[in-house]
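What follows is one structure encoded as structure tokens, with my remarks underneath.
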DNA sequence: GCCAACGTTGGC
DNA sequence: GCCAACGTTGGC
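Numbering (the numbering used here), first residue to last: 561 to 717.
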């Protein structure tokens with residue numbers, strides 16, 4: 561079982577949007593970055609735990625928890641010419657992009673901002689920090705524990 | 001709204 | 001295979 565951080569812009573798809581889906585579950589489509597794709601395709605499995613992150617928020621922050629509830633499967637939006645995520649180079653025989661289904665688990669007691677994560681020496685090697693534009697980041701068990709511990713207390717300044 | 005970082009594309 | 005041009009992400 562692995563840990564992940566998955567980014568979504570709350571104006572586009574927030575954790576509340578996920579919670580309101582049937583069974584709190586939706587497919588995570590639109591990943592069009594090879595590093596992120598490889599993480600999903602090669603390493604994501606049912607039961608993996610997810611930090612749900614709101615990017616492009618003020619401030620950006622970890623807001624809640626989710627879990628992976630499907631194996632990776634082809635991202636069909638790549639085959640839809642009307643989709644924003646259409647990719648003519650992806651075919652039915654050789655799908656280029658994959659996605660998983662994600663289920664809402666719950667919200668953190670307190671959100672954990674990117675600034676607080678960057679200020680925590682324990683988290684200095686988080687891929688969220690070292691690879692700022694990657695939308696699917698692996699999280700180590702230690703990092704997972706630390707973020708959850710931080711969420712127990714409101715941030716001080 | 002700006003722009004730094006960085007991934008992708010395509011000419012050569 | 002290099003690299004310049006370009007597009008996108010996402011923090012600020």
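All C-beta atoms in this analysis are idealised placements derived from N, C-alpha and C, irrespective of residue type, glycine included.
Where do the ends of the beta strand (DSSP E) carrying residue 565 lie? Taken as a continuous stretch (DSSP letters only), the beta strand (DSSP E) holding residue 565 covers 563-568.
Taking the DSSP output, what are the residues bridged to residue 612? Residue 612 pairs with 566, 624.
Range covered by the alpha helix (DSSP H) that runs through residue 663: Not the alpha helix (DSSP H): residue 663 falls in the beta strand (DSSP E), residues 661-673.
Alpha carbons only, please: which of 626, 657, 593, 646 is nearest the one belonging to residue 578? Put simply, of 626, 657, 593, 646 the residue whose alpha carbon is nearest the alpha carbon of residue 578 is 626.
Looking only at its own chain, which residues have a Cβ that is under 7 Å from the Cβ of residue 678, when we skip the five neighbours before and after it? These residues qualify, in order along the chain: 689.
For residue 538, tell me which candidate among 669, 685, 564 has the shortest Cα-Cα distance. Since the first residue shown for the chain is 561 and the last is 717, residue 538 is missing from the structure and cannot be characterised.
Any idea if residue 632 is buried or exposed, counting beta-carbon neighbours within 10 angstroms, 16 or more meaning buried? Counting Cβ neighbours within 10 Å, residue 632 comes out buried, since at least 16 surround it.
Given residue 649, which residues of its chain have a CB within under 7 Å of its CB, disregarding the five upstream and five downstream residues? Residues of the same chain with a CB within less than 7 Å of the CB of residue 649, apart from the 5 flanking positions on each side, are 656 in chain order.
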